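Below is one structure, written out as structure tokens, with a few remarks after it.
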Amino acid sequence: MSAEPQSNVASFKAMFAGLADFAALVEPSGAVLHINASGLRLVDRATDELQGLTIDQLSPHAAQLIGDWIPAAVAAGQWEGEAELRRSDGSSVPVQLTIAPIRDDGRVSAAAIVARDLSEGLRLEEELQRRFLQQEAITAATSTPIIQVWDDIVTMPVVGLVDSVRAADMKNTLLEAVSRTGARFAIVDLTGVDTVDTATADHLLRVMRAVRLLGARCVITGIQPAVAQIIVGLGLELQGVVTLRSLREGLRFCLRRLGFRVTREEQVLDLAAIAAS
Numbered sequence: 001m002s003a004e005p006q007s008n009v010a011s012f013k014a015m016f017a018g019l020a021d022f023a024a025l026v027e028p029s030g031a032v033l034h035i036n037a038s039g040l041r042l043v044d045r046a047t048d049e050l051q052g053l054t055i056d057q058l059s060p061h062a063a064q065l066i067g068d069w070i071p072a073a074v075a076a077g078q079w080e081g082e083a084e085l086r087r088s089d090g091s092s093v094p095v096q097l098t099i100a101p102i103r104d105d106g107r108v109s110a111a112a113i114v115a116r117d118l119s120e121g122l123r124l125e126e127e128l129q130r131r132f133l134q135q136e137a138i139t140a141a142t143s144t145p146i147i148q149v150w151d152d153i154v155t156m157p158v159v160g161l162v163d164s165v166r167a168a169d170m171k172n173t174l175l176e177a178v179s180r181t182g183a184r185f186a187i188v189d190l191t192g193v194d195t196v197d198t199a200t201a202d203h204l205l206r207v208m209r210a211v212r213l214l215g216a217r218c219v220i221t222g223i224q225p226a227v228a229q230i231i232v233g234l235g236l237e238l239q240g241v242v243t244l245r246s247l248r249e250g251l252r253f254c255l256r257r258l259g260f261r262v263t264r265e266e267q268v269l270d271l272a273a274i275a276a277s
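Anchor point for the sequence shown: position 176 equals 176 in the UniProt record's numbering, and the numbering is continuous, going up by one each time.
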């Protein structure tokens, strides 16, 4: 090993020794110069296995790493994205990658790769989805079911026609649930609602404002184009209300605000764009 890589490894060791995430120093050719202790545990490798180790032994994305992602990091200063690492037994670990170039006298001599394990977040998301489906099946017969999917999250899936009478019932049910559980987030899922009249749309927004008065944040998911058209046409105020494409994205949004790590960014809805579709 030349003096230059040795210097890189020494600096890298000092910087990333105590990091809880996987951290590796890799040459542009794919040769692995160093992996920190947390990284070795994640991929189930021993320190003496570093000699001769290459990136293709650590990731199924070796070709992309060398051919695309490292060059992209060199061009932009940093590259981020989701990928997988490979353990010594061949199993995969989902990770969030961050790649940054290491330069010596202006020349790129190596790349620092930091990977955060996303396994826990994926398991959490799957468990939440399982709980939701289970509770939804149990309460499907009720008109306005409330599902507590997590300690601080309640969900009200709405299916079918929503008139003013039903909207009033939904308001009472949701506010009672938020007050009783101390939930910090209330998700109103409108995926199963194709249309509402103008009075009902206004009533739904009153429900959401009332939720805020109880100290919880209201999240609307699954708004259909016809419903969006009514809301936009009425010029109803949605300030403080988060609108997302699906219940899954709503759960991710709430979990992130509660401090949990999940995998993908939610996409906030543009109601005007939906109404025009």
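Beta carbons: idealized from backbone N, C-alpha and C, even for Gly. Remember, it's a predicted structure, so these values are computed and weren't measured experimentally.
*In whole angstroms, what is the alpha-carbon distance linking Asp-21 and Leu-97?*
10 angstroms
*Please confirm whether Ala-183 and Cys-218 have their CB atoms less than 7 angstroms apart.*
no
_Classify Arg-103: buried if its beta carbon has 16 or more other beta carbons within 10 angstroms, exposed otherwise._
By the Cβ-count criterion, Arg-103 is exposed, with fewer than 16 other Cβ atoms from all chains shown falling within 10 Å of its own Cβ.
*Would you list the one or two residues that DSSP bridges to Met-156?*
Val-188
*Kindly indicate the opening and closing residues of the beta strand (DSSP E) around Thr-221.*
217–221
*Leu-58 by DSSP, collapsed to three states: which one?*
coil
*Those runs of the alpha helix (DSSP H) which lie wholly inside the segment 39–110 and span at least 4 residues*: 70–76
*asked:* Going by DSSP, what residue range makes up the beta strand (DSSP E) through Thr-243?
replied: 242–244
_7 angstroms Cβ cutoff met for Arg-87 and Asp-44_ = yes
*Hey, Ala-156 and Val-188: beta-carbon distance below 7 angstroms or not?*
The identity of residue 156 in the sequence shown is Met, whereas the question assumes Ala. Yes, the Cβ-Cβ distance between Met-156 and Val-188 is below 7 angstroms.
*Near Val-114, which residues of its chain fall below 6 angstroms by C-beta distance, leaving aside the five closest residues on each side in sequence?*
Asp-21, Ala-23, Thr-98
_Pairs of beta-carbons, one from the segment 163–175 and one from the segment 118–137, closer than 8 angstroms: are there three or more?_
no
*By DSSP, does Arg-123 sit in helix, in strand, or in coil?*
helix
*Would you grab the beta carbon distance between Ala-63 and Gln-78 for me? Rounded to a whole angstrom, and I think it's under 8 angstroms.*
Contact flag wrong, Cβ pair sits at about 20 angstroms.
_Which of helix, strand or coil DSSP assigns to Ala-141_ = Confidence is the limiting factor: at Ala-141 the pLDDT is only 40, short of 50, which leaves the residue's position unreliable, though a coordinate-based value still follows. DSSP places Ala-141 outside both helix and strand once states are collapsed to three, so it counts as coil.
*Any idea if Arg-252 is buried or exposed, counting beta-carbon neighbours within 10 angstroms, 16 or more meaning buried?*
buried
*Just the Cα atoms here: how many angstroms apart are Leu-58 and Glu-127?*
28 angstroms
*Over the uninterrupted alpha helix (DSSP H) stretch that includes Phe-260, give me the two end residues.*
Boundaries cannot be given for Phe-260, as no alpha helix (DSSP H) includes it and DSSP labels it neither H nor E.
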